[in-house]
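Chains as they are written, first to last, in the numbering used here: chain A, 824 to 1144; chain B, 6 to 37.
For each residue, glycine too, the CB sits at the ideal point set by N, CA and C.
Predicted model, so just to flag it, every value in this text is computed and none were measured.
Structure record follows, encoded as structure tokens.
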Amino acid sequence: LSTARRSLPTPRPLPLLVVTGSGYLGYQYYKRRDQHDKTALPHLATPTQVALYHSFPTRLLSRTWGRLNGLNLPKWLRKPIYSLYIWTFGVNMQEAAVEDLHHYKNLGEFFRRRLKPAVRPVCPSSCMTSPADGKILHFGRVKNSEVEQVKGVTYSLENFLGPQMRQIDVSSSSSFRDLLLSSPDNDLFHVVVYLAPGDYHCFHSPTDWNVELRRHFPGSLMSVNPGVARWIKELFCLNERVVLSGQWQYGFFSLTAVGATNVGSIRLYFDQELQTNCPFYSKGSFQDRSYVATSNQVKGAAVEGGVALQKGEPVGEFNLG
Amino acid sequence: STIVLLFEAPKDFSFNLHPGQRIKVGEGLGSL
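Structure representation (structure tokens):
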């Protein structure tokens, strides 16, 4: 027993205390730094940095990217190219309507792949469902006509939606937000869903509603990934977007598809006139199309007062370039 | 690409979400 005791290392309290103490302090330091990072305001780009990025030919890049991805690939090259894309962006091909990679002639077609009919059940108990596969970037109530694209980074509601038919009475104190509301008992809410490159890129109707107006804002095509959304204020007002607005059972409703460099064009299934990411446009302009007057021409089954969309119904898609 | 929903709803509308959450088409966002 005494031999065994002699062979054991002698306890050294001081080094033990130093090692455990410094470990504990290090843990506390990283914990506090993480908390600070989460609560600190995002580091915004300066106006010069925004202007520089804005002046970059993102639309031209986007269209070139689209053309490149519209080129048909030889059959032997399809599987390795798409497999690389699947591996890089984590695409779940088991959900795709067509799992055979040889079926897709080019990357653009692969990007627009449809899903099997039963893989996206629509929640029957919720009055508002997700319009797309993606990541919730931000959500909440709209305060003071400013909407948050991410926590702490806002954009103007008026710049985003454009002028409304009902003009604000300058003598009254009503804001742009109040102008949209049909009842003082209601509030304005928002949700931002970010679609990553590997996600299914069609979007569906989140509820039962009537689309009355389509407003197309041509614009820049900067990246909309969460890092850039945290960096550039008013990003969603600078980028090309299509705003669909109308009414649902509780009043005003709008769905906006915002384009990005890779995914520059937006298609609406019920509106063949819409053309996005075109070479020429005048800065700050927008084009309206009212569905109220032309509902019978837009969609055979359209009801009077707009295009009727049902919860879960496919509405449109994003395309490469 | 991004989808932004802006809508009017009664004040007691509540979201069943958290920022950064992955979501799929048709999943509930909120209810009354």
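Cut-off 8 Å between Cβ atoms - residues of its own chain near residue i, not counting five sequence neighbours on either side
i, result
"Ala1116(A)", "none"
"Phe18(B)", "Gly35, Ser36 and Leu37"
"Cys946(A)", "Thr952"
Euclidean distance between Cα positions of residue i and residue j
i, j, result
"Thr1099(A)", "Lys898(A)", "30 Å"
"His925(A)", "Arg901(A)", "6 Å"
"Ile1055(A)", "His866(A)", "9 Å"
"Ser1088(A)", "Gln1072(A)", "30 Å"
"Phe1141(A)", "Leu840(A)", "59 Å"
"Ile8(B)", "Val1016(A)", "5 Å"
"Gly25(B)", "His961(A)", "8 Å"
"Lys958(A)", "Ser948(A)", "21 Å"
"Gly1050(A)", "Gly1074(A)", "33 Å"
"Val1065(A)", "Leu907(A)", "31 Å"
"Leu22(B)", "Cys1025(A)", "21 Å"
Per DSSP, the bridge partner or partners of residue i
i, result
"Asn1033(A)", "Gln1070(A) and Ala1131(A)"
"Asp1010(A)", "Ala14(B)"
"Ile8(B)", "Val1016(A) and Ala1080(A)"
"Gly1042(A)", "Partner(s): none; Gly1042(A) has no beta bridge."
"Ile28(B)", "Gly957(A)"
"Asp1094(A)", "Leu1091(A)"
Same chain only: Cβ atoms within 6 Å of residue i, ignoring 5 sequence neighbours per side
i, result
"Gly985(A)", "Arg1038 and Phe1109"
"Glu981(A)", "Phe999"
"Asp1031(A)", "Gln1133 and Lys1134"
"Leu1067(A)", "Val1034, Arg1037 and Leu1078"
"Ala1124(A)", "In this prediction, Ala1124(A) scores a pLDDT of 46, lower than 50, which makes its location untrustworthy; no coordinate-derived value is stated."
Residues of its chain near residue i, where Cβ-Cβ distance is below 7 Å and the 5 sequence neighbours each way are ignored
i, result
"Leu938(A)", "Glu918, Ala919, Ala920 and Tyr1023"
"Phe1059(A)", "Gln972, Tyr978, Phe983 and Val1081"
"Tyr1092(A)", "Pro1137, Val1138 and Gly1139"
"Leu1061(A)", "His877, Gly1042, Ser1043 and Met1045"
"Met916(A)", "Ile909 and Glu922"
"Gly1021(A)", "Phe912, Gly913 and Val914"
Residue i: first and last residue of the uninterrupted beta strand (DSSP E) it sits in
i, result
"Val1115(A)", "Counting along the chain, Val1115(A) falls outside any beta strand (DSSP E), and DSSP gives it neither H nor E."
"Asn1142(A)", "Pro1137 to Asn1142"
"Phe962(A)", "Gly957 to Arg964"
"Met1090(A)", "Looking at the sequence shown, residue 1090(A) is not Met but Arg. First-last of the beta strand (DSSP E) with Arg1090(A): Ser1088 to Leu1091."
"Cys1025(A)", "Cys1025 to His1027"
"Val973(A)", "Glu969 to Val973"
"Leu34(B)", "Gly33 to Ser36"
"Thr977(A)", "Val976 to Ser979"
Continuous alpha helix (DSSP H) stretch holding residue i: start and end
i, result
"Arg935(A)", "It is not in any alpha helix (DSSP H) - Arg935(A) carries neither H nor E in the DSSP assignment."
"Tyr908(A)", "Lys898 to Phe912"
"Leu884(A)", "Thr881 to Asn892"
Min CB distance residue i to chain E below 9 Å
i, result
"Ala919(A)", "Note that chain E does not occur in the displayed structure, where the protein chains are A and B."
Positions along the region 1001–1015 of chain A whose CB lies within less than 9 Å of some CB in chain B:
Leu1003, Leu1004, Ser1005, Ser1006, Asp1008, Asn1009, Asp1010, Leu1011, Phe1012, His1013, Val1014 and Val1015
**Prompt:** Got a sec: which bits of the region 1128–1143 of chain A sit with their beta carbon under 7 Å from any beta carbon on chain B, in order along the chain?
**Reply:** Gly1135 and Phe1141
Exercise for review: Give the residues from the region 946–958 of chain A that approach chain B closer than 8 Å (Cβ to any Cβ), ordered along the chain.
Suggested key: Cys946, Ser948, Ser949, Cys950, Met951, Thr952, Ser953, Pro954, Ala955, Asp956, Gly957 and Lys958
To be precise: take each residue of the region 876–898 of chain A, compare its Cβ to all Cβ atoms of chain B, and keep it if any distance is under 8 Å. Which residues remain? none
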